[in-house]
Ligand SMILES: [Zn+2]
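Residue numbers (the working numbering): 47 to 622.
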């Protein structure tokens, strides 16, 4: 595909060029215009959609900037206020309008004349949103989002003291990778003890969430929250049965590989008995990988890596550098985490990171870079709604980029040995995430199809599922109770229910993309770009097909992919 990175800002046609989002009162007239406008032909409908899209883009870019500024400097009160103002004073007032505009679109006789090959997923989402909307669920959903925030405040307060110093659990986690086994054990024990202090409080919170979620489902005419949530998440391309097939396939075809990796680590560590604090550890004398020093160096090297893969990808990053859209280096006052934030109007996204020179930061950069390429490629589509693609394809873009770039990581690593180690670590992560995804997903299916269960029932089922996806190599004795509450550390269960299998689907897809890449690089990259350029104008099945892979998580397919990864690992010196 012959493309240079687009930098073209969408031209405004409906709002004045100098319009800025300040207050709801200034925005409302545009919503009123769209709501009241009469549509008397297909052309008028298309113009209406274009204007709606422009309004959405202007608002979305503005809201994104509020979030970016706040996360880049959490100490700036003005940034925080601007963000909160949007959430409280603008967003809630737009919601009823969007509901009415959706209805207006569905009611128009010209809607069925729109080109199905572009509009199908969009119209399906609109119809879905309208069908699921229940007025009586609005206050319950508002209550749910407040309740879900309690999870953040309960777990955000958790700290541990190690050698006289206080750490958050995220900060303490890095000690678990230390070659010092005593430090690892001390850390693990401190974290376990701290988490156990809040286990009842989290159980209580979770019961409240389950109860209200079940009510939302009943109000919307579903028998359980699982079935409701499948619809709400727009899972039209797969069913609960496909998820069950995924669980079985992971147990049968990924677990043996996972076992091989844990045994490989055990041998490297020279341990007779693996304890829970050994699973992320490095052997004594092994320094952690250190692929770069500064944010600037990370950006330069990422551009070089991308340009070796395909110049277009590098052009995307270069455009972002020119427009000041990378903030990579960790510094005081920055929010934690990393993200790629698309900017709907300018079309050039923003990458935020907290890089500190680790191997994890390098993969995050490749990952977010994949999301950025997706933002650039889909920006050329005419409507904002066409660019609202779901996670199953968004994560395919980012996870594939991690694997595609792997062979060029010598840009970051000076020795063959370091490069090899980084590649093995990456594949290790790809494999070990799958059993955990299966565990969490299978658990959620049970949670929401068994309303009214007791804490004890839940604990028993959790242990059964957790054991199903454990290698059995690690000796957990003395930590049985902690392990029985291990699910409480998974934020998604509390904050974004049922969201999780998407990562598994995309991860398998990324492995399939990498296999395709190893067979025919140029073809695989062409297919990758073609699929991402479609945004969400095709169904997931179609998008995966355009990418040259199958949208499939049957045992037979997963078996194929797992043998492919196994071969790669063995060729890198990992012994089975
Ligand atoms: Zn991602």
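Yeah, the Cβ is synthetic: ideal placement off N, Cα and C, and Gly gets one too.
Quiz item: Comparing the CB of residue 421 with every heavy atom of ligand 1, is any distance shorter than 6 Å?
Solution: Every heavy atom of ligand 1 is 6 Å or more from the Cβ of residue 421, so no.
Quiz item: Can you check whether the CB of residue 391 is closer than 7 Å to the CB of residue 56?
Solution: Closer than 7 Å, so yes.
Quiz item: Apart from the five residues on each side of it in sequence, which residues of its chain come closer than 7 Å, Cβ to Cβ, to residue 214?
Solution: 205
Quiz item: Taking the continuous beta strand (DSSP E) assigned at residue 401, which residues delimit it?
Solution: 396–401
Quiz item: Is residue 206 helix, strand or coil by DSSP?
Solution: Residue 206 sits in a strand when the DSSP states are folded into three classes.
Quiz item: Quick one, which of 381, 396, 382 has its alpha-carbon nearest residue 345's?
Solution: 396
Exercise. Mind checking which residues open and close the beta strand (DSSP E) that includes residue 387?
Key: 385–387
Quiz item: Quick one: what's residue 211 bridged to in DSSP?
Solution: 208
Quiz prompt | Beta bridge counterpart(s) of residue 375 as assigned by DSSP | solution = 401
Exercise. State the beta-bridge partners of residue 520 as determined by DSSP.
Key: 320
Quiz item: Is it the case that the CB of residue 441 approaches a heavy atom of ligand 1 more closely than 6 Å?
Solution: yes
Quiz item: Is it the case that the Cβ atoms of residue 80 and residue 147 are separated by a distance below 7 Å?
Solution: Note that the C-beta distance between residue 80 and residue 147 is below 7 Å.
Quiz item: Below 7 Å between beta carbons: does that hold for residue 373 and residue 118?
Solution: Result yes, Cβ atoms of residue 373 and residue 118 sit closer than 7 Å.
Quiz item: Hey, residue 419 and residue 350: beta-carbon distance below 7 Å or not?
Solution: no
Quiz item: With C-beta atoms as the reference, is residue 604 less than 7 Å away from residue 550?
Solution: no
Exercise. Less than 8 Å between the CB atoms is what I'm expecting for residue 594 and residue 570, so what's the real figure, rounded?
Key: 6 Å
Quiz item: residue 515 and residue 485: beta carbons closer than 7 Å?
Solution: yes
Practice problem: Report the residue from 582, 192, 399 whose alpha carbon sits nearest the alpha carbon of residue 436. | Solution: 582
Quiz prompt | Inter-stretch contact (C-beta, 8 Å, three-pair minimum) for the segment 296–307 and the segment 527–535 | solution = no
Quiz item: If you draw a straight line from the alpha carbon of residue 141 to that of residue 477, how long is it in whole angstroms?
Solution: 40 Å
Quiz item: Run through DSSP, which three-state label would residue 116 get?
Solution: helix
Quiz item: Is the segment 400–409 touching the segment 117–135 in the sense that three or more CB pairs, one from each, lie closer than 8 Å?
Solution: No, they do not touch.
Quiz item: Expressed to the nearest angstrom, what Euclidean distance is found between the alpha-carbon atoms of residue 499 and residue 188?
Solution: Each residue's Cα considered, the two are about 24 Å apart.
Self-check item: Under the three-state DSSP convention, the category residue 608 falls into
Solution: helix
Self-check item: Enclosing alpha helix (DSSP H) for residue 275 [first to last residue]
Solution: 271–278
Quiz item: Any idea what DSSP makes of residue 66, helix, strand or coil?
Solution: coil
Quiz item: Tell me which same chain residues have a C-beta within less than 7 Å of the C-beta of residue 112, skipping the five on either side of it?
Solution: 128, 129, 132
Practice problem: Pick helix, strand or coil for residue 351, following the three-state DSSP scheme. | Solution: Correct three-state label for residue 351: helix.
Quiz item: Which word fits residue 388, buried or exposed, when buried means at least 16 other C-beta atoms lie within 10 angstroms of its C-beta?
Solution: buried
Self-check item: Nearest candidate by alpha-carbon position, reference residue 438, set 85, 577, 300, 525
Solution: 577
Practice problem: Look at the Cβ atom of residue 186, then the Cβ atom of residue 272, and state whether they are nearer than 7 Å. | Solution: no
Quiz item: Residues in its own chain within less than 7 Å of residue 197 by CB, not counting five upstream and five downstream?
Solution: 251, 537, 540, 541
Self-check item: Residue from 315, 240, 179, 181 whose Cα sits closest to the Cα of residue 207
Solution: 240
Exercise. Could you tell me whether any non-hydrogen atom of ligand 1 is closer than 6 Å to the CB of residue 444?
Key: yes
Exercise. Mind reading off the beta-carbon distance from residue 470 to residue 256? Whole number of angstroms is fine, and I expect it under 8 Å.
Key: With 8 Å as the limit, residue 470 and residue 256 do not qualify as a contact, their Cβ atoms being about 40 Å apart.
Practice problem: Could you tell me whether the segment 411–418 touches the segment 259–266, using the rule of 3 or more Cβ pairs below 8 Å? | Solution: no
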